[in-house]
Amino acid sequence: MPFGRGFFLALAKSSFLNDHVTQWGFVKRATKRFMPGETPEDAMAASAALAADGRGTIFTKLGEAVTEPSEAAAVRDHYVWLFDQIKTKGLPAHVSVKPTQLGLDIDPKLCAEYTMELAAKAHATGSILWIDMEDSSYVDRTIALYKQVKAAYADTGIAIQAYLLRTPKDIADLMPVNPIVRLVKGAYSEPAHVAFPRKADTDRAFYELSDTLLKAAAAGKCLPIFGTHDIALVGRIAARAQELGVAPGKFEIHMLYGIKDAEQQRLRADGHTVKTLVSYGSAWFKWYMRRLAERPANIGFVLRSMLG
Ligand SMILES: Cc1cc2nc3c(=O)[nH]c(=O)nc-3n(C[C@H](O)[C@H](O)[C@H](O)COP(=O)(O)OP(=O)(O)OC[C@H]3O[C@@H](n4cnc5c(N)ncnc54)[C@H](O)[C@@H]3O)c2cc1C
0 MPFGRGFFLA LAKSSFLNDH VTQWGFVKRA TKRFMPGETP EDAMAASAAL AADGRGTIFT
60 KLGEAVTEPS EAAAVRDHYV WLFDQIKTKG LPAHVSVKPT QLGLDIDPKL CAEYTMELAA
120 KAHATGSILW IDMEDSSYVD RTIALYKQVK AAYADTGIAI QAYLLRTPKD IADLMPVNPI
180 VRLVKGAYSE PAHVAFPRKA DTDRAFYELS DTLLKAAAAG KCLPIFGTHD IALVGRIAAR
240 AQELGVAPGK FEIHMLYGIK DAEQQRLRAD GHTVKTLVSY GSAWFKWYMR RLAERPANIG
300 FVLRSMLG
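Numbering follows numbering that gives the first Met the number 0, in which position 143 of the sequence shown is assigned residue number 142; successive positions increment by one, without gaps.
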């Protein structure tokens, strides 16, 4: 297939495209399917609408790998402001950050300081901080960061990727800290010695890891979050939770804004805890390429936007 997963993941690495394509109006229009708008106000308006049918929101400002300490400080300041907005507006919303946005590549100590400040702010405003997982070169540092923050702010959550071969061991290592784990399939281009090349293997690993997390939840040792739009998989996980006696409030289902929206509503109506991750910001190119990689058929939206 000319527009396969690898094609979009290769484009996602281009800083030139990231700087230029985001200015093209027709591409901007195409992203509307996955993000309500570029401003935090757009994202907060979407959160209020999601809250009306009982869904929570997780906000994320797009961007990654800052290169200057001042940029990391600006990201921190933005989220401090956002936590205050969440509280003032009474939104049922959390925030998810990428460690490289908070300076992990520049200075791990600075990144830890800023992450800790955000977790403190989340705690003070009745919200929660989530830590995203980036490509495999960051996993050790991200897990170490998570353990540090979790020791001080117990509500903090981390994303863990099912496609990585190392993940069963990482989950076992996390168990002593009573983790809050958002299990996702994984969105980056990784070599075969690091991650399963075949999607079927990732899907199988996701279910097996879900089983591990649900058993830990049954023993009160973990809060599992399943971050996937794979509805059949969600159905199997929900059935397994029931078998293990893990009530719907003891695990959650998180999906991205604009994807499987009717299923999100149905799961909520069925009594599940459902949260929707809402992205905003102008640095959406890399992130959008990863969405196209997940489902190359999405390129149709871009083409239709070009034509109309
Ligand atoms: C809340 C949340 C947080 C995430 N955080 C991270 C993170 O921190 N790190 C990370 O590496 N990845 C993260 N991801 C992305 C994740 O790794 C996958 O790339 C993404 O969720 C697609 O995989 P899937 O589980 O939905 O399953 P798939 O098997 O890829 O898809 C299942 C079905 O969902 C539909 N679908 C999936 N994606 C799309 C799409 N883009 N457009 C339209 N339909 C689609 C398709 O119909 C498909 O049949 C996150 C995902 C979610 C939902």
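Ideal placement from N, C-alpha and C gives every residue a C-beta, glycine not left out.
Backbone CA spacing between residue i and residue j [nearest angstrom]
i	j	result
T272	T227	14 Å
V176	G53	30 Å
V193	G219	31 Å
L128	V180	12 Å
A111	A237	35 Å
K88	L117	19 Å
L212	K146	17 Å
A217	S13	44 Å
T124	A92	11 Å
L10	M288	7 Å
V245	A48	29 Å
K308	E133	The structure shown does not extend to residue 308, since the chain spans only 0 to 307, so no value can be given for it.
M357	T114	No answer is possible for residue 357: it lies beyond the span of the chain, which begins at 0 and ends at 307.
D139	L173	12 Å
T99	T30	23 Å
A143	S46	31 Å
G257	A191	31 Å
P167	P107	25 Å
T141	D104	11 Å
P223	R265	20 Å
R235	A171	22 Å
F33	F195	26 Å
D202	A64	28 Å
V183	D18	28 Å
A231	Y206	11 Å
Neighbour-count burial assignment, residue i, 16 or more Cβ in a 10 Å radius
i	result
D169	buried
F15	exposed
G307	Reliability of the predicted coordinates at G307 is poor, the pLDDT of 49 falling under 50, and no value is obtained from them.
P35	buried
A153	exposed
R75	buried
K120	buried
R290	buried
R294	exposed
E40	exposed
R197	exposed
S136	exposed
A240	buried
T66	exposed
A204	buried
E189	buried
R267	buried
A158	buried
A199	exposed
A215	buried
Close-in-space but distant-in-sequence residues of the same chain around residue i (CB under 6 Å, 5 per side omitted)
i	result
L61	S278, G280, A282, W283 and W286
S95	I57, T59, W129 and D131
K259	H228
K149	T155 and V176
G185	Q160 and Y162
A50	P91
A292	R4, F7 and L8
G270	P247
V79	K120
DSSP beta-bridge partners of residue i
i	result
A240	In DSSP, A240 forms no bridge with anything.
S278	T59
S95	W129
L222	I179
V273	I252
A194	L163
Sequence-distant residues of the same chain with beta carbon closer than 7 Å to residue i, five excluded per side
i	result
F109	One detail in the question is off: residue 109 reads as Leu in this sequence, not Phe. Excluding sequence neighbours, L109 sits near P68, A71 and G102.
K274	R54, G55, T56, I57, E251 and H253
T38	Y279
Q263	R54, M254, V273 and T275
D83	T124
L243	L213, K214 and A217
Residue i beta carbon near ligand 3 (any heavy atom closer than 6 Å)
i	result
Q264	Because ligand 3 does not appear in the structure shown, any question about it cannot be addressed here, the ligands present being ligand 1.
>> Give the list of continuous beta strand (DSSP E) stretches no shorter than 3 residues that lie fully inside the region 140 to 165.
In response: The region 140 to 165 contains these whole beta strand (DSSP E) runs: 156 to 160.
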